[in-house]
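Residue numbers (full-length UniProt numbering), protein chains in the order written: chain A, 1 to 510; chain B, 1 to 510.
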């Protein structure tokens, strides 16, 4: 953590949230920060890159066990190195996460600068943003906490508002934090002209934030410190200590500190900013970025005929979406779900998620593509006694050593070269080759090459659920069976020792 | 054709149409008559069953080469036997098709009764319909042509209208046929109270219709008779002679005969009828059949939240559709296309088809599932150098003997037992077994069993289009390569003789 004493700013990215207002593109198991909502990059990756460069130390990413491999994978693609991925044992909102990051930085340098930011917002001009941060550093050096505010252009009820105090020298203090207001109240605030939207971005010296907690929320200090003291490193992750963290109250930073402190200065985020907090916001940004007649936004797989004020988003070329005669509508399709909503109801999309959850539909929470530490898989077809999956294994990655009690598997490699273990047999299987894994065989798939392995798996059997798996070894520290397979069950051929269940948070399969 | 002299009615089902107003469920290659729009049965099958029973002879089905196997397959499922499937070389609208059927019946018995009906309409009460037909038979025996009319309940502009003359004894004659009117004109007709919708169903003695053609459209007589004289039977089909048929004018029966003849009586179709000529009609029928609050119709895979006057139709459980706050809307999803339209624009759905055709999207005309005489296939995944298909082969069916120049195939049987020929090798491949077809191997798949074969095919190669096929033999009379494979290329093992290209209308693959 030597960067923390260098005068550089440590970015803290909050990447543990799982909002549903952008369903079906954002789902609990793969929320919007990890998706490309506007542009090619994911929002998380854009945030990482925005906070990289000479003035920044490597980032701290606050996330949870479910998202840790997504974070690690997306971080790697950005080329930003040295990040610390902190795994919160359970979600406890922003207050504990920000305090933990402040304590981590303070342990190296109490005056270390910390910039906390959501990972799911859009800021298109990174240079302008950096200039604003540089200005804010001057305020922070006076010991104040800086919150970034955005000048409102409409009476949005989806944002918190900052009411400003009088100018004090070079900057203004916040007089009051106002939680998301009703539309009428938002209109009043807009008319008043003395309010900004709260962008949820904060800059401070580490010790200053700890001091705020000491003054306004001291009950957080010991449990957060205890979780840090108990933390352990495990492959790419810093796992916070479980028990003290669970005792923490679930509280936002606004509620725990900001609304109570008199030490909050504001810095105007004068560059373009959007929280993409609903499809109306996404539509608004897309229209602004690329103004078209009738405010119609349609992607490549979508066709708008006689439409006005409409967002049409398709699930890709394979799912064509056509709108005819639509007004003020949102149509968002993915390969397994379609949302059609009145634009004014954009903030009610959680109703769709609730309804599908009540019907126990997978679409409420998850995507067809399941991410794993070694890559991903997706079901292509499923019937009574068979299932077809497409599986991608990253270079250098390996599925766990495992066996199934109720199914056989045919693997056809269609790209790359896999190293396949089946009982005592170890072989390479390359493009246009296949291999059969009989029911009960101890097997493993590894990608020893430089390009992804893609294979088609055809499973047959009467029970095809993910929980038909006995795992003997896993390079990602996921739980394994306490006993190795016995002789003749493949054990001798396997180059590893038995491994205990080291990770009770892991719930992944394969 | 002995039934034609028995006094029974010969049903003539028109099943060659390919409307697009129910896109994306109805497409050119698999139009609505072959789909289940309301209920479980397809509209065509419901029509076949409605016109089966003691008073009916086996039906004549007028269709085209593209639909012939769909017709044959769906007919078989109804259990109605003895049908004649007539293949029109090209579509020439209803006049030639009806005349051909009349001539077929007249050749056995000039006084034979003929009932012509579309195969894509909905008549829910078959018994009531039969009673009406029985009544109409009495009128027909006076030498008149009977057209069935429906009392209008709204000023629909999608139907033709029949203006009635004064009562003549037991029935009324048609004074005038009115083509689809504008909505204003339709409202006048409705107010007038002397008009019925033209249901497009006709009953007549065969010779009476031929006489009408002689009087009003004599130019059809010779070419239609010539096409019948040149017709040949081929497996399940009667192929009309090509050249004379191509010379025929493209004309509807209304335009060719009905609007000109003074010999048309009307019979009121007092049972429930709908032409399902657009999604508005489908919505209207569904609401009527199952009245719900707010006139919302949603199937199992669809969820309506705060909606009113809405049809929500999903592509099945795997594609969940959710509507929020919708008014007067149609949302129809299939696995590869979604239509979202204002209910008032239901008759403009062809605009969607035109737009997708202009973008060269397959969804404009075809479904992912491709029907073949031996069963069907669908693509599960497609990428640069591989493709995964699910293939179903009917019991007793057989793909053509073939080879590919640019791809290898892995077949994994997941249900049933296939007999597979690969060059000189003939073997049975059963559930959970796989077989490899190398590039260039002459191969064939047959289902010798009693249950469908389902297999997963993984193709690899740089060129994966359907036209990479050399076909040596085909049991469905589709075009084959003039030369058999040479020795060592599998010829000796193959129990058949070379077969010439006998059917220039066949365009199917595999």
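Just so it is clear, CB atoms sit at the ideal spot from N, CA and C, and this is done for glycine as well.
Burial state of residue i, where buried means 16 or more other Cβ atoms lie within 10 Å
i                      : result
residue 405 of chain A : exposed
residue 342 of chain A : buried
residue 483 of chain A : exposed
residue 462 of chain B : exposed
residue 92 of chain A  : buried
residue 63 of chain B  : buried
residue 229 of chain A : exposed
residue 421 of chain B : buried
residue 14 of chain A  : buried
residue 233 of chain B : exposed
residue 290 of chain A : exposed
residue 235 of chain A : exposed
residue 466 of chain B : exposed
residue 31 of chain A  : buried
residue 504 of chain A : No answer about residue 504 of chain A holds up, because its pLDDT of 32 lies below 50 and its placement is not dependable.
residue 280 of chain A : buried
residue 53 of chain A  : exposed
residue 372 of chain A : buried
residue 141 of chain B : exposed
residue 389 of chain A : buried
residue 50 of chain A  : buried
residue 120 of chain B : buried
residue 292 of chain B : exposed
residue 488 of chain B : Because the pLDDT at residue 488 of chain B is just 41, under 50, the model does not fix this residue reliably, and the point stays unresolved.
Other residues of its chain near residue i: CB distance less than 8 Å, five sequence neighbours each side excluded
i                      : result
residue 55 of chain A  : 8, 9, 130, 133 and 134
residue 287 of chain B : 295 and 297
residue 329 of chain A : 307, 309, 310, 311, 323, 340, 341, 342 and 343
residue 414 of chain A : 431, 432, 454, 455 and 456
residue 327 of chain A : 307, 308, 309 and 310
residue 305 of chain A : 322, 323, 324 and 325
residue 357 of chain A : 364 and 365
Residue i: contacting residues in chain B (beta-carbon distance under 9 Å)
i                     : result
residue 21 of chain A : Within chain B, no residue comes near residue 21 of chain A; the closest Cβ sits about 12 Å away, beyond 9 Å.
Partner residues on chain B for residue i, Cβ-Cβ distance less than 7 Å
i                      : result
residue 363 of chain A : 320
Residues near residue i in its chain [Cβ-Cβ closer than 6 Å; skip 5 each side]
i                      : result
residue 144 of chain A : 263 and 265
residue 517 of chain A : Residue 517 of chain A lies beyond the range of chain A shown here (1 to 510); nothing can be said about it.
residue 416 of chain B : 449, 451, 452 and 453
residue 315 of chain A : 333, 334 and 335
residue 171 of chain A : 139 and 265
residue 378 of chain B : 368, 369 and 390
residue 203 of chain A : 115, 136, 140 and 146
Neighbouring residues, chain A, relative to residue i (Cβ below 7 Å)
i                      : result
residue 28 of chain B  : Within 7 Å Cβ-Cβ: nothing; residue 28 of chain B doesn't reach chain A, min ~15 Å.
residue 350 of chain B : Those within 7 Å of residue 350 of chain B in chain A number zero; the least Cβ separation is about 10 Å.
residue 333 of chain B : 338
residue 326 of chain B : 340 and 342
Cutoff 7 Å; reference residue i; Cβ partners in own chain excluding five residues on either side
i                      : result
residue 24 of chain B  : 332, 334, 337, 339 and 363
residue 208 of chain A : 143 and 145
Listed by chain order, chain B residues near residue i by CB distance under 8 Å
i                      : result
residue 303 of chain A : 352, 355, 356 and 359
residue 345 of chain A : 306, 324 and 325
Original post:
Is it true that the segment 437-445 of chain B meets the segment 393-403 of chain B, where meeting means three or more beta-carbon pairs spaced less than 8 Å apart?
Top reply: yes
Original post:
Any contact of the segment 96-113 of chain A with the segment 159-177 of chain A, i.e. 3+ C-beta pairs under 8 Å?
Top reply: no
Original post:
Using Cβ-Cβ distances below 7 Å, what residues of the segment 450-470 of chain A are close to chain B?
Top reply: 456, 458 and 460
Original post:
Can at least three beta-carbon pairs, one atom from the segment 343-352 of chain A and one from the segment 359-371 of chain B, be found at a separation below 8 Å?
Top reply: no
Original post:
Quick one, which residues of the segment 409-443 of chain B are near chain A if we go by CB-CB under 8 Å, in chain order?
Top reply: 410, 412, 414, 415, 431, 432, 434 and 436
Original post:
Does the segment 150-164 of chain A come close enough to the segment 118-127 of chain A that 3 or more CB-CB pairs lie under 8 Å?
Top reply: no
Subject >> Interface positions of the segment 380-392 of chain B facing chain A (Cβ-Cβ less than 8 Å), listed along the chain >> reply: 380, 381, 383, 385, 386, 388 and 390
Subject >> Near-chain B residues of the segment 265-291 of chain A - C-beta to any C-beta below 8 Å >> reply: none
**OP:** Answer yes if the segment 160-175 of chain A comes into contact with the segment 197-206 of chain A, meaning at least three C-beta pairs across the two stretches below 8 Å, and no otherwise.
**Re:** yes
Subject >> Sufficient close CB pairs (3 or more, under 8 Å) joining the segment 200-220 of chain B to the segment 37-46 of chain B >> reply: no
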